[in-house]
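Read in order, the letters of the sequence shown correspond to residues 0 to 670 in numbering that gives the first Met the number 0.
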Amino acid sequence: MIVSWNWLKDYVALDMDPAELTERLAMAGLNHESTERVGDDLAIDLEVTSNRPDCLGHIGVAREIAVLWKQPLRVPDPNPAASGPDVAQLTRVSITCPALCYRYTARVIRGVKIGPSPAWLADRLRSVGIAVINNVVDVSNYVMLECGQPLHVFDLQRLRGPEIIVREALPGEQFPAIDHRVYTLEPGMCVIADARDPVALGGVMGGVDSEISEATTDLLIEAAEFSPLSIRTTARKLALHSPASYRFERGMDPLGVDWASRRCCQLIGELAGGQLAPGVLDVGAAPASRPAITLRLSQLPRVLGITVPAAEVARILQALGTDRVTGDQATIAVIPPSWRRDLTREIDLVEEVARIYGYDQIPEDVGVPMVPCHRTDEDRVLEKVRQTLTAAGFDEAVTTSVVPRPWCDAFSPWSDAAPLVASTPMLKGADTLRKSLIPSLLEARRVNESVGNETIELFESARVYLPRPSDLPQEQRTLGVTSGGDFRVLKGVVETLLETLHVSVPLTVSPTALTLLDPNRQARLELGGRLLGYLGEVDAAGLKQFGLRCPATVLELNLEVLGQAADLIPQQQALSDFPAIVRDLNLVVDESVRWEDLATTIRTTVGPLLESLQFQEVYRDKKKDGADKKRLLFSITLRSAERTLTNEEADAARDEVVHACGQTHRAVLLG
């Protein structure tokens, strides 16, 4: 937002140096970008955050200055004279899309004379980078830059009816804008139409068919409040951004609409003449009243670490435009001004007091009381996951949620439904919300490979978006991991995560058949019958699709399932008074026998005496065992909670295991 030094003087006394002004404004939240001399004026560029649209006009910035320097604020009170027939006899206004346009006001001025703007008006517009056109258009731009409320002026005689219909755009409707381009509209966009065609794109840009020309004599002045989301969506879809859309998409002061309309009529009457019709056509919902916010004065030292006098707190809040409702020595209740949409909570008032009172008033060594930190279980699980993976040598990646459609088709283990399509693509070629983190991580691998990184171990924790037929999409919190190691490396990562999170539910590993992964090197992971995720090595076609030169293994877990199985506050278990007995077994089995199935048989056979089952090694000896055989070496630890087990009991348990595995899996004990 560029403001003029001379223009600001109309509303507040500027007794300070420009450097002092910009420094103090920066401390209060309006960061200074640059200052440039324009003739006898200074153009000051301020960074206005999205939550402060009230500062997108000179009056808003002047209000900040008045509060900071304890100066009175001078705001014009426009009250233009009116005569002749009532405005309702000259035109009509209706709204058929109240969700897109909350309020629309119209005033009519007849008999104006279009001409050049006076020097003072032209100089002010040029000082802030606005082109000078004619006295009427320049007034509408001037008022927008004065108060922040965009306006539009129509040539009344070029409006069919004449009437204004605020409606939703029709599919494929064509709109010729004042930038001399024709735009194709679609439903969801707000159109200002006359009795036949669109004459403006609500809150974005006017139309060429009703623009002001030298022959214009009668005017219709529009001041309205549009849906911020609708304006933002329309501007993005059409790639049509304007000073008006920039302001509307941040939200306007609902009570500033009528002031801006009256101010515009006043200045047009002074500079272009004409007769203002009595009355105003005001259609739409009345501005809603805002609830009071109670500020407990005890919150100031608790949050800021300093005590601000109650009288100073009251002065600051009053100067900011709040209406005091009640107050005593302990609390102050105020209603925020209509132009401050960002003030909704007590902590917002604390921040306002702090920035106006001055952050420099807070000592560097001030003692702020410690308060308990309340973290959700999800946050605790994420922290442990990050710590575990970082300790294992992985780096955290952050990738975009919008991806190309082929990525969604390449790997989609969680849902077979078509991906959600973004109405406005944020990135060229990427318009779908991802259903898996794996394609994004593989792209990150490709980028790292292209710059010569040799070790590429990455993980990401983010949401994937799974469509549902009759409801909003499921936003599943997911963990994605990619490694240059083989299948066993990431399986070890899963086991380490389960151990770190003290998951007592047994992990079940079973075959699956997912695209992108090697058919013989992929698995489905479950915890207590619930799907935890998938694991596998990327096949040759997948490596080629993502432009990878080196092998890659991927893992994707549902963090909600993992978190629900986690024991975040594990209880210490007393050590047994009785010793354990360990027995090693080396079984020869068919190549098709899975360790997971063998382990299930062992746990079922031994029962409560089994304290742990530890896989040791797998190896093959084709000469001794045959080409389709493998050897599995593992240990079983036996312990009783009631007595000391004998060697005979341990041997009996081992023999039962060998017998059960032989019966179920045709396993043979290697002597």
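All C-beta atoms, glycine included, are put in the ideal place defined by N, C-alpha and C.
Bear in mind the structure is a predicted one, so any value in this text is a computation, not a measurement.
| message | Would Gln579 and Thr636 be called neighbours here (beta carbons separated by less than 7 Å)? | response | The sequence shown places Ala at residue 579, rather than the Gln named in the question. Result yes, Cβ atoms of Ala579 and Thr636 sit closer than 7 Å.
| request: Could I get the ranges of all uninterrupted alpha helix (DSSP H) runs contained in the region 16-81, with 4 residues as the minimum, in chain order? | output: Counting only runs that start and end inside the region 16-81, the alpha helix (DSSP H) elements of at least 4 residues fall at 17-26 and 57-67.
| query | So does the region 136-145 actually touch the region 153-171, counting three or more Cβ pairs closer than 8 Å? | reply | no
| query | Should Arg548 be labelled buried (16 or more other beta-carbon atoms within 10 Å of its own) or exposed? | reply | exposed
| query | For Thr663, is the beta carbon positioned less than 6 Å from some heavy atom of the ligand COA? | reply | The ligand COA is not part of this structure, which contains no ligands at all.
| message | So, does the region 288-301 touch the region 89-103, judging by three or more C-beta pairs under 8 Å? | response | no
| Alpha carbon of Glu185 to alpha carbon of Ala234, nearest angstrom | 12 Å
| said: Using 7 Å as the threshold, is the C-beta distance between Ser414 and Lys434 below it? | reply: yes
| Neighbour-count burial assignment, Ile119, 16 or more Cβ in a 10 Å radius | Correcting the residue identity first, residue 119 is Trp in this sequence and not Ile. Trp119 is exposed by the Cβ-count criterion.
| Hey, how far is the Cα of Phe225 from the Cα of Phe247? | 7 Å
| query | Leaving out the 5 sequence neighbours to the left and right, which residues in its chain are closer than 7 Å to Val352 when beta-carbon positions are compared? | reply | Leu299, Val307, Val312 and Ile315
| query | Does DSSP put Phe486 in a helix, in a strand, or in coil? | reply | It is helical.
| message | Quick check: the Cα distance between Val127 and Pro371, rounded to an integer number of angstroms? | response | 49 Å
| Looking only at C-alpha atoms, which of Ala12, Ala25, Arg630 and Lys623 sits nearest to Leu586? | Arg630
| Whole-angstrom distance between Leu497 and Gly660, CA atom to CA atom | For clarity, residue 660 is Cys in the given sequence; the question names Gly instead. Computed Cα separation, rounded: 27 Å.
| task | Can you grab the Cα-Cα spacing for the pair Phe174 / Ala396, in whole Å? | result | Take the alpha-carbon of Phe174 and the one of Ala396: they are about 44 Å apart.
| said: Could you compute how far the alpha carbon of Asp517 sits from the alpha carbon of Pro550? | reply: 11 Å
| field | Thr325 - DSSP class collapsed to helix/strand/coil | value | strand
| How is Lys629 classed by DSSP in three states: helix, strand or coil? | Lys629 falls in the strand class under three-state DSSP.
| field | Extent of the continuous beta strand (DSSP E) to which Pro300 belongs | value | Looking at the DSSP string, Pro300 is not in any beta strand (DSSP E); the run it does join, the alpha helix (DSSP H), is Gln298 to Leu303.
| message | Does Ile108 pass the burial test, meaning 16 or more other C-beta atoms within 10 Å, or should it be called exposed? | response | buried
| Between which two residues does the alpha helix (DSSP H) harbouring His658 extend? | Asn646 to His664
| query | Which residues in the same chain as Val450 place their Cβ atom closer than 8 Å to its Cβ, once the five residues preceding and following it in sequence are excluded? | reply | By the criterion of a C-beta distance shorter than 8 Å, Val450 is surrounded by no residue of its chain, once the five residues flanking it on both sides are discounted.
| Glu494 burial status per 10 Å Cβ neighbour count (16 or more: buried) | Looking at its Cβ environment, which holds fewer than 16 other Cβ atoms inside 10 Å, Glu494 is exposed.
| message | Between which residues of its own chain and Leu419 is the CB-CB distance below 7 Å, once the five residues before and five after are set aside? | response | Thr431, Leu432, Tyr464, Pro466 and Pro472
| Whole-angstrom distance between Ile346 and Leu440, CA atom to CA atom | 39 Å
| Considering Leu526, what are the terminal residues of the beta strand (DSSP E) in which it resides? | Leu516 to Leu526
| field | Status (buried if at least 16 other CB within 10 Å, exposed otherwise) for Asp485 | value | exposed
| query | If you scan the region 93-158 from start to end, which runs of the beta strand (DSSP E) of 3 or more residues do you find wholly inside it? | reply | 100-109 and 151-154
| field | Same chain, Cβ closer than 8 Å to Ala80, five either side skipped, listed in chain order | value | Gly268 and Leu275
| In whole angstroms, what is the alpha-carbon distance linking Arg619 and Gln613? | Between Arg619 and Gln613, the C-alpha separation is close to 19 Å.
| message | Tell me the DSSP secondary structure of Pro197 in three-state form. | response | strand
| query | What residue range is occupied by the uninterrupted alpha helix (DSSP H) comprising Tyr618? | reply | Premise fails: Tyr618 lies in the beta strand (DSSP E), Leu609 to Tyr618, not in any alpha helix (DSSP H).
| Mind checking Ile437: buried by the 16 CB within 10 Å criterion, or exposed? | buried
| said: I'd like the list of long-range same chain contacts for Asp589, defined as Cβ closer than 7 Å, with 5 residues on each side in sequence excluded. | reply: Asp627, Lys628 and Arg665
| Spatial distance of Asp281 from Leu218 (CA atoms) | Each residue's alpha carbon lies about 16 Å from the other.
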